[in-house]
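The next block holds one structure in the form of structure tokens; read it before the comments.
Numbering (the numbering used here), first residue to last: 1 to 167.
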């Protein structure tokens with residue numbers, strides 16, 4: 001009886017381990033990219049390098065390996081794309097209000113070549129697992145903290161969506 005119980009318990013544990021790989025699946029490498037800073041971003045005190053660092057810190061906190069551009073293009077890493085559209089609010093007389101408005105979009109995707117069904121040609125395409133963002137009107141003093149907080153929240157959300165898509 002003890003042997004049967006031990007064998008059954010061992011099989012049950014192995015089955016449970018096999019039944020969970022999607023939930024416990026390790027993240028693949030992720031390469032984070034964005035655009036170039038423009039004058040409006042700089043006037044609002046935001047830079048792509050800082051936003052990318054915030055996203056990468058959040059990825060590392062989730063034990064996500066860092067990927068490279070080459071890895072993303074050759075389908076060995078996911079791509080986390082940040083798009084920052086931020087501008088200062090300027091009054092009609094040209095006076096700066098001290099506030100900025102805009103939006104931030106984050107998408108987690110992978111790239112691939114696919115056969116396009118209409119023409120039958122092979123095309124470069126993106127498979128998007130998550131796309132999220134936020135809009136705002138904030139003072140410059142509050143803007144950076146809020147952008148960092150939102151990037152962390154949205155990256156965590158995208159990782160959860162990627163993980164859920166494998167279940």
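For every residue, glycine included, the Cβ atom is placed at its ideal position computed from N, Cα and C.
Being a predicted model, the structure only gives us computed values, none of them experimental.
### Message
Check whether the region 110 to 119 and the region 135 to 151 touch, using three or more Cβ-Cβ pairs below 8 Å as the test.
### Response
no
### Message
Alpha carbons only, please: which of 160, 74, 102 and 142 is nearest the one belonging to residue 62?
### Response
160
### Query
Is residue 33 near residue 79, with beta carbons less than 8 Å apart?
yes
### In DSSP terms, what residue 31 is bridged to
79
### Query
Under three-state DSSP, which class holds residue 44?
coil
### Query
Which full runs of the beta strand (DSSP E) of 3+ residues lie inside the region 87 to 162, going along the chain?
96 to 115 and 122 to 139
### Task
Use the C-beta contact count for residue 81: other C-beta atoms within 10 angstroms, 16 or more gives buried, fewer gives exposed.
buried
### Message
Distance check for residue 98 and residue 84, CA to CA, integer angstroms please.
### Response
18 Å
### Task
Determine the DSSP secondary structure at residue 85, reduced to helix, strand or coil.
strand
### Message
Just to confirm, is the Cβ distance from residue 103 to residue 67 under 8 Å?
### Response
no
#### Entry: Among 139, 163, 158 and 155, the one whose alpha carbon lies nearest that of residue 46
139
### Task
Look at the alpha carbon of residue 24 and the alpha carbon of residue 70, and state the distance between them as a whole number of angstroms.
Unreliable placement is indicated for residue 24, whose pLDDT of 48 sits below 50; the coordinate value is still reported in the next sentence. If you take the alpha carbons of residue 24 and residue 70, they lie about 27 Å apart.
### Task
Compute the distance between the beta-carbons of residue 64 and residue 106, then report whether it is under 8 Å.
no
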